[in-house]
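Note that the sequence shown covers residues 1 to 159 in the UniProt record's numbering.
Backbone N, C-alpha and C fix where the C-beta goes; we use that ideal spot for every residue, glycine too.
Values in this document were obtained by computation on a predicted structure and should not be read as measured data.
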Amino acid sequence: MEPKKGEAKVQKVKNWSPVWIFQIVTALIGAWILFYHYSHQGPEVTLITTNAEGIEGGKTTIKSRSVDVGVVESATLTDDLTHVQIKARLHSGMEKLLHKDSVFWVVKPQVGREGISGLGTLLSGAYIELQPGSKGSQPESYQLLDSPPLAPPDAKGIR
1 MEPKKGEAKV QKVKNWSPVW IFQIVTALIG AWILFYHYSH QGPEVTLITT
51 NAEGIEGGKT TIKSRSVDVG VVESATLTDD LTHVQIKARL HSGMEKLLHK
101 DSVFWVVKPQ VGREGISGLG TLLSGAYIEL QPGSKGSQPE SYQLLDSPPL
151 APPDAKGIR
């Protein structure tokens, strides 16, 4: 006796499954989050200094008039190994603070003939102060000073 052979029933498979809707929606949400993140970043600022004492990437803030306006992203040596290049990112909308005559300096505790300054940084750590300028467009990089400037950039007189 010969065993009975069954016939296979062939059915056409659907081209798509409702399960794919979840993956498509997830991909669209991810793309929107990436677009939103990169479109709402503030300007990147490059600061050049001789010493990065007290400056830490991801921790050191940039302030203007005691308000946080950005954060340091990284500090690396320049190609010639003579200076430190600090990359910082300002918050969105802070582009208007950056001009050719804007000034950056490090605020840290100091004792001198003039007295004691920067005591607030004993607990919080050093930060970078930004004095906004008003003239010219944003240059490629700024010089980071070790102490505050003696006069504001818009003060009359010869420097």
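Test item: CB-CB of residue i and residue j under 8 Å
| i | j | result |
| --- | --- | --- |
| H83 | T60 | no |
| E129 | V107 | yes |
| L47 | L144 | yes |
| S66 | L97 | no |
Cβ-Cβ separation, residue j to residue i (assumed contact under 8 Å), whole Å
| i | j | result |
| --- | --- | --- |
| P149 | V103 | 5 Å |
| D68 | W105 | With a Cβ gap of about 16 Å, D68 and W105 do not count as contacting. |
| E44 | K87 | 6 Å |
| R113 | Q41 | In fact, because the Cβ distance is near 42 Å, the residues do not count as touching under 8 Å. |
Nearest residue (CA-CA) to residue i, options the options
| i | options | result |
| --- | --- | --- |
| S74 | G57, D80, L81 and R65 | G57 |
| Y142 | Q85, K96, M94 and A151 | Q85 |
| A52 | A126, A155 and G42 | A126 |
| H37 | D80, P109, S92 and K135 | S92 |
| G54 | P109, I158, S134 and G136 | P109 |
| residue 160 | G6, Q131 and G30 | What is shown of the chain runs 1 to 159, which leaves residue 160 out entirely. |
Cα-Cα separation between residue i and residue j, rounded to whole angstroms
| i | j | result |
| --- | --- | --- |
| V71 | S39 | 18 Å |
| S137 | T26 | 41 Å |
| G133 | S124 | 26 Å |
| S17 | A31 | 22 Å |
| A8 | I29 | 42 Å |
| I62 | D80 | 26 Å |
| Q11 | I21 | 23 Å |
| V13 | K5 | 24 Å |
| I33 | K135 | 36 Å |
Beta-carbon proximity list for residue i, same chain, < 6 Å, skipping 5 on both sides
| i | result |
| --- | --- |
| Q23 | none |
| A155 | none |
Residues near residue i by beta carbon distance below 8 Å, same chain, minus five either side
| i | result |
| --- | --- |
| G157 | A151 |
Residues near residue i by beta carbon distance below 7 Å, same chain, minus five either side
| i | result |
| --- | --- |
| F35 | none |
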